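Engineer:
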Amino acid sequence: MLAKRIIPCLDVKDGRVVKGVRFADHVDVGGIEDLARRYAEEGADELVFYDIAASPEGREVEPEWVGRVARAIDIPFCVAGGIRSVDAARARLFAGADKISVNTPALKNPDLIDALAKEFGSQCVVVGVDSRVIEGEWRTHQNTGDPGRTEIGHRRTLDWIAEATGRGAGEIVLNCMDQDGVREGYDIDQLAAARAVCPVPLIASGGAGAMEHFADVFGRAEVDGALAASVFHRAVIAIPDLKRWLADQGVEVRL
Amino acid sequence: MTTAIIDTSTANIASVRFALERLDAPYVLAREPDDARGADRLILPGVGAAGPAMARLRATGWADALRTENRPVLGLCLGMQLLFEVSEEGGAPIPLLTLIPGRVERLNPGGAGPWPHMGWNALDDLAPDEPLLEGISPGERVYFVHGYRVAPGPFTRATALYGEPVTAIARKGNVAGCQFHPERSAKVGARILSNFIRASS
Numbered sequence: 281m282l283a284k285r286i287i288p289c290l291d292v293k294d295g296r297v298v299k300g301v302r303f304a305d306h307v308d309v310g311g312i313e314d315l316a317r318r319y320a321e322e323g324a325d326e327l328v329f330y331d332i333a334a335s336p337e338g339r340e341v342e343p344e345w346v347g348r349v350a351r352a353i354d355i356p357f358c359v360a361g362g363i364r365s366v367d368a369a370r371a372r373l374f375a376g377a378d379k380i381s382v383n384t385p386a387l388k389n390p391d392l393i394d395a396l397a398k399e400f401g402s403q404c405v406v407v408g409v410d411s412r413v414i415e416g417e418w419r420t421h422q423n424t425g426d427p428g429r430t431e432i433g434h435r436r437t438l439d440w441i442a443e444a445t446g447r448g449a450g451e452i453v454l455n456c457m458d459q460d461g462v463r464e465g466y467d468i469d470q471l472a473a474a475r476a477v478c479p480v481p482l483i484a485s486g487g488a489g490a491m492e493h494f495a496d497v498f499g500r501a502e503v504d505g506a507l508a509a510s511v512f513h514r515a516v517i518a519i520p521d522l523k524r525w526l527a528d529q530g531v532e533v534r535l
Numbered sequence: 013m014t015t016a017i018i019d020t021s022t023a024n025i026a027s028v029r030f031a032l033e034r035l036d037a038p039y040v041l042a043r044e045p046d047d048a049r050g051a052d053r054l055i056l057p058g059v060g061a062a063g064p065a066m067a068r069l070r071a072t073g074w075a076d077a078l079r080t081e082n083r084p085v086l087g088l089c090l091g092m093q094l095l096f097e098v099s100e101e102g103g104a105p106i107p108l109l110t111l112i113p114g115r116v117e118r119l120n121p122g123g124a125g126p127w128p129h130m131g132w133n134a135l136d137d138l139a140p141d142e143p144l145l146e147g148i149s150p151g152e153r154v155y156f157v158h159g160y161r162v163a164p165g166p167f168t169r170a171t172a173l174y175g176e177p178v179t180a181i182a183r184k185g186n187v188a189g190c191q192f193h194p195e196r197s198a199k200v201g202a203r204i205l206s207n208f209i210r211a212s213s
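Line by line, the protein sequences give chains A and B.
Counting in my numbering, the first sequence runs from 281 upward without gaps.
Counting in my numbering, the second sequence runs from 13 upward without gaps.
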């Protein structure tokens with residue numbers, strides 16, 4: 281049986297891993313390769329790197345650390361942040377990333393998803409969705425590094441997930457922003473609603489604070505993976521303990 | 013002991029190179045068959061779609077060269093699928109290398125989960141005499157990312173289950189393939205690659 285994935289997320293800024301609360305107040309938590317290697321050795325199933333400063337500044341050069349990470353670890357990893365062209369995606373994939381994730385550029389230019397899927401196959405095209413309640417509905421949020429630059433309307437999150445997968449996205453990472461960094465649990469209602477419209481793998485993001493939250497999101501929202509940052513970076517939860525505990529709860533995991 | 017990585021111009025070549033580097037295994041990148049003359053074994057990596065991959069192999073001369081290849085060959089992911097006869101990916105059937113009998117068809121997970129099959133799944137039905145599996149036990153997990161499968165058949169050496177059984181490892185003589193990504197499958201994957209590289213034949 282396929283294992284549920286535990287995915288540490290590393291926000292990268294200026295070549296370091298940082299962590300903020302509700303997308304602000306970033307604190308340095310370590311070097312990129314050191315953390316990547318540590319998580320891989322502890323049993324993380326996959327890693328996601330968000331180049332958090334990339335999108336608002338319009339940068340899309342290949343971050344030189346992608347190749348260093350690819351050399352250092354032997355588990356899959358995804359690179360996100362500021363990828364707005366097929367060439368930018370190719371640079372990261374050919375440097376050794378297994379997947380690329382697009383968020384704001386896909387919202388501004390949805391055809392990018394079709395182009396990426398056609399060029400590289402859906403299996404390495406992830407669409408990241410930042411979602412929060414706006415005017416009583418789950419809606420997408422973009423350019424999360426700089427609120428001053430939001431340019432287009434807030435789409436309905438569930439509509440956007442259906443459209444993105446229809447265009448060829450091979451995986452959706454749904455980041456529930458109202459929960460991000462506060463460690464009160466994943467947004468089960470929103471993730472379960474997303475599950476119902478998402479035919480490809482769905483990864484939960486935002487809100488992990490305790491081991492129970494992981495069991496909850498796998499059991500109740502039927503997501504394929506759970507992403508978390510601060511609980512791992514700050515050693516609130518150790519990955520080996522988490523996976524053993526989940527196995528005891530009957531969750532299929534890789535030990 | 014040099015491994016030639018056939019340059020299929022697909023995106024997982026860097027991961028395969030780095031995996032060999034972690035194993036201290038020398039390699040060359042071989043765009044054309046001539047580039048692999050000094051190598052004693054071949055890896056055929058691949059991700060993406062079968063049609064463009066076959067077109068590239070034909071253009072570089074590899075499609076013909078592989079049909080008469082005597083050295084050990086290991087196809088990875090799409091590279092494994094290319095070893096079979098025909099793929100149903102897309103609409104019209106795509107002719108493949110025809111080194112191993114069998115068809116590539118769309119995987120139907122049923123209620124097991126979403127399509128494609130993405131993540132860590134358990135190896136099962138291990139053939140006891142398969143050299144790639146030396147030191148590997150049933151239930152050990154490797155990383156899969158694929159939407160098409162080869163149904164288990166006489167050349168299947170290991171399976172995985174995702175709604176329906178998937179050929180995880182196939183072999184016919186010197187030609188073998190892994191549907192999963194050993195280059196991204198932690199210690200289990202490193203062992204399988206090491207088994208391939210260190211095998212005497």
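The C-beta atom is built at its ideal place from N, Cα and C for all residues, glycine as well.
Nothing here was measured: the structure is a model prediction, and the numbers come from that model.
#1: Which chain B residues are close to D394(A), counting only those with a beta carbon under 7 Å from its beta carbon?
#2: Using the Cα positions of F208(B) and N186(B), report the straight-line distance between them to the nearest angstrom.
#3: Between A62(B) and E101(B), which are expected to be in contact by the criterion C-beta below 8 Å, what is the C-beta distance as a whole number of angstroms?
#4: When we look at the beta-carbon of N24(B) and count the other beta-carbons within 10 Å, is it buried (16 or more) or exposed?
#5: Give the residues of chain B in contact with E451(A), contact being defined as C-beta atoms less than 8 Å apart.
#6: Taking a cut of 9 Å between CB atoms, which residues from the stretch 45–70 of chain B lie near chain A?
#7: For V405(A), which three-state DSSP category applies?
#8: Taking only beta-carbon atoms, is A283(A) less than 8 Å away from chain B?
#9: Residues of the stretch 184–210 of chain B with a CB closer than 7 Å to any CB of chain A: list them in chain order, please.
#10: Given that I363(A) touches chain B, what residues does it touch there, using C-beta distances under 9 Å?
#11: Within the continuous beta strand (DSSP E) that includes T445(A), where are the two ends?
#12: Please name the residues in the stretch 366–394 of chain A whose beta-carbon is closer than 7 Å to at least one beta-carbon of chain B, in chain order.
#13: What did DSSP end up calling E451(A) once you bin it into helix, strand or coil?
#14: Under 8 Å by Cβ, that's how I've got R118(B) and G159(B) pegged, so tell me the actual separation to the nearest angstrom.
#15: Along chain A, in chain order, which residues have C-beta atoms closer than 7 Å to that of R34(B)?
#16: Between F512(A) and chain B, is the shortest Cβ-Cβ distance under 8 Å, so that the two count as touching?
#17: Whole angstroms is fine: what's the gap from N120(B)'s alpha carbon to D291(A)'s?
#18: Give every residue of the same chain whose Cβ lies closer than 6 Å to the Cβ of L396(A), excluding the five residues on either side of it in the sequence, and list them in chain order.
#19: Can you pull the chain A neighbours of V157(B), defined as C-beta to C-beta under 7 Å?
#20: What residues in its chain sit with their C-beta under 7 Å from that of E464(A), if we drop five residues either side in the sequence?
#21: Among F498(A), G401(A) and R514(A), which residue has its Cα nearest to the Cα of S485(A)?
#22: Run through the stretch 321–374 of chain A for me and flag every whole alpha helix (DSSP H) of 4 or more residues, listed as ranges in chain order.
#23: Note down, in chain order, each residue of its chain lying with its Cβ closer than 7 Å to the Cβ of H421(A), except the 5 sequence neighbours on either side.
#24: In chain A, which residues lie with their C-beta within 9 Å of the C-beta of Y174(B)?
#25: Assign T232(B) to one of two classes, buried (16 or more other C-beta atoms within 10 Å of its C-beta) or exposed (fewer than that).
#26: With a threshold of 8 Å between beta-carbons, can W227(B) be considered close to chain A, or not?
#27: How should S99(B) be labelled, buried or exposed, when 16 other C-beta atoms within 10 angstroms of its C-beta is the threshold for buried?
#28: Find out if the Cβ-Cβ distance for the pair G131(B), L90(B) is shorter than 8 Å.
#29: Check whether chain A comes within 8 Å of R153(B), counting only Cβ atoms and requiring the distance to be less than that.
#30: Compute the beta-carbon to beta-carbon distance between P479(A) and T437(A), rounded to the nearest angstrom, for a pair I have assumed lies under 8 Å.
#31: Does the CB of V407(A) have a neighbour CB from chain B at under 8 Å?
#32: Can you tell me the Cβ-Cβ gap for L173(B) and M281(A), rounded? I've got them flagged as a contact below 8 Å.
#33: Chain B beta carbons: is any one of them nearer than 8 Å to that of A518(A)?
#34: With a threshold of 8 Å between beta-carbons, can A180(B) be considered close to chain A, or not?
#35: If the cut is a Cβ gap below 8 Å, which residues of chain A does S27(B) touch?
Structural biologist: With the given structure in hand:
#1: Per Cβ cutoff of 7 Å: no residues; D394(A) is ~14 Å from chain B at best.
#2: If you draw a straight line from the Cα of F208(B) to the Cα of N186(B), it is about 11 Å long.
#3: 5 Å
#4: buried
#5: Under the 8 Å cutoff, chain B gives M130.
#6: V59, G60 and A61
#7: V405(A) sits in a strand when the DSSP states are folded into three classes.
#8: yes
#9: R196, A198, G201 and A202
#10: Residues of chain B passing the Cβ test: none, with the nearest at roughly 14 Å.
#11: Premise fails: T445(A) lies in the alpha helix (DSSP H), T437 to G446, not in any beta strand (DSSP E).
#12: L373, F374, A375, G376 and D378
#13: strand
#14: 7 Å
#15: D354
#16: no
#17: Going by the C-alpha atoms only, they are around 35 Å apart.
#18: A369 and V405
#19: Q403
#20: G487 and G489
#21: F498(A)
#22: 334–337, 345–352 and 366–374
#23: D410, S411, R412, H434 and M457
#24: Per Cβ cutoff of 9 Å: M281 and L282.
#25: In this structure chain B extends from 13 to 213, so residue 232(B) is not present and cannot be described.
#26: Chain B is shown only over 13 to 213; residue 227(B) falls outside these bounds and no answer can be derived.
#27: So S99(B) ends up on the buried side.
#28: No, the pair does not count as a contact, with Cβ atoms beyond the cut-off.
#29: yes
#30: 16 Å between Cβ atoms; not a contact.
#31: no
#32: 7 Å
#33: no
#34: no
#35: A350, G376 and D378
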